[in-house]
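My numbering runs 98 ahead of the 1-based position in the sequence shown. Every residue gets a Cβ at the ideal spot worked out from N, C-alpha and C, and that includes glycine.
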Amino acid sequence: MPSSKQPPKWRQIADEIAAEIRDGCYGPDQRLPSVQAQVAAGRGATATVYRAYQALEAEGLVRMVFGSGTVVLGPGESPHTVVTGAARLDRLRRTGQPLTPGETYTNSQSVIRSCADPEIAALLGIELYDEIVIRSRTFMRGERAITLALNCIHIRALQVLPELIDPGPMPKFRHDLYTERTGQQLTAGPQKSAARFASTNELTEFGIDVPPDVPVPVLVLRTVYSDDDGPLEVWEDILRPGMWHASS
99 MPSSKQPPKW RQIADEIAAE IRDGCYGPDQ RLPSVQAQVA AGRGATATVY RAYQALEAEG
159 LVRMVFGSGT VVLGPGESPH TVVTGAARLD RLRRTGQPLT PGETYTNSQS VIRSCADPEI
219 AALLGIELYD EIVIRSRTFM RGERAITLAL NCIHIRALQV LPELIDPGPM PKFRHDLYTE
279 RTGQQLTAGP QKSAARFAST NELTEFGIDV PPDVPVPVLV LRTVYSDDDG PLEVWEDILR
339 PGMWHASS
């Protein structure tokens, strides 16, 4: 479902270089031309090219090493950045590709549960313990879980999207189906981040084995999506310890 809107210049550069990597112009462990070399070649301004390289790193294609340049990663290598849900959605609408290179997902679930989290209830504008739809999946790089994606969805969405209770893939991204069926656009609020300690379930999902009395901090990124009637979905990304994020 590519968008007709022209992507920003840094995104165009990132997509061009990503295609060059896929075509074998640059192989694993090979350095990309420096930012200044790209600027001298007329590819764009310094800040624009640098932003493109950041996006390539966030998508798992390269690693930016201070003092050593930008190195193309092999299929088994893992960068320390992750793509957030909001960035993944932007990529899906721009290219039709829901996953970044080398990324897969597993453990898709969809259930109706009472909302026991007062913060989520407040964000959705519901009473504590009202029912919501919870969709979740684990994004992987190779054998390593890097992001736990959690979507807490207002129960009213089921009237329009009964497919929400099916954990399998939908024919289109659910926000786009919602717009088609209601005529309402879903808008994203600002992405907010917070640190907290990982739950036992999250540590298990990440494959991290530590004694129960050892706290393990994780970064949680949260975006609220709303329609004309108010908040409809809270999208959370729980990042593997030691990972950080950059938009793509």
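Legend entry - Exposed unless 16 or more other CB atoms sit within 10 angstroms - verdict on Cys123: exposed
Inset, instruction - Starting from the C-beta of Tyr148, find all residues in its chain whose C-beta is less than 7 Å away, skip the five residues before and the five after it, and write them out in chain order. - result: Val133
Legend entry - Beta-carbon proximity of Leu275 to Ala293, cut-off 7 Å: no
Inset, instruction - Would you identify the three-state DSSP class for Tyr227, choosing helix, strand or coil? - result: coil
Legend entry - Cβ-based burial, Gly210 [other Cβ within 10 Å; buried from 16]: Note that residue 210 corresponds to Ile in the displayed sequence, not to Gly. Under this definition Ile210 is an exposed residue.
Inset, instruction - Taking only the alpha-carbon atoms, compute the straight-line gap between Thr277 and Val160 and give it to the nearest angstrom. - result: 35 Å
Inset, instruction - Determine the burial state of Gly328: buried for a count of at least 16 other Cβ atoms within 10 Å of its Cβ, exposed for fewer. - result: exposed
Inset, instruction - Sort Phe164, Arg191 and Glu157 by Cα distance to Glu201 and report the nearest one. - result: Glu157
Inset, instruction - Just the C-alpha distance for Asp121 and Leu319, rounded to the nearest angstrom, thanks. - result: 33 Å
Legend entry - Helix, strand or coil at Gln134 according to DSSP, with G and I counted as helix: helix
Legend entry - the segment 237 to 250 / the segment 321 to 335 touching (three or more Cβ pairs under 8 Å): yes
Legend entry - Alpha carbon of Pro288 to alpha carbon of Thr321, nearest angstrom: 6 Å
Inset, instruction - Return the residue from the list Ile115, Leu221, Pro126 and Lys290 that minimises the CA-CA distance to Leu154. - result: Ile115
Legend entry - Helix, strand or coil at Ala293 according to DSSP, with G and I counted as helix: strand
Inset, instruction - Return yes when the Cβ of Arg235 is within less than 7 Å of the Cβ of Ser206, no when it is not. - result: yes
Inset, instruction - Would you mind stating whether Trp108 and Thr168 have Cβ atoms separated by less than 7 Å? - result: no
Legend entry - Own chain residues within Cβ distance below 7 Å of Asp307, not counting five before or after: none
Legend entry - Cα-Cα separation between Ala214 and Ala220, rounded to whole angstroms: 11 Å
Inset, instruction - Go ahead and pull the three-state DSSP assignment for Pro196. - result: coil
Inset, instruction - Note down, one range per segment and in chain order, each beta strand (DSSP E) of at least 3 residues found wholly within the segment 228 to 303. - result: 229 to 239, 242 to 252 and 290 to 295
Legend entry - Simplified DSSP assignment, three categories, for Gly167: strand
Inset, instruction - Could you work out which residue in Pro313, Thr280 and Leu301 is closest to Gln257 when comparing CA atoms only? - result: Thr280
Inset, instruction - Whole angstroms is fine: what's the gap from Arg272's alpha carbon to Arg189's? - result: 15 Å
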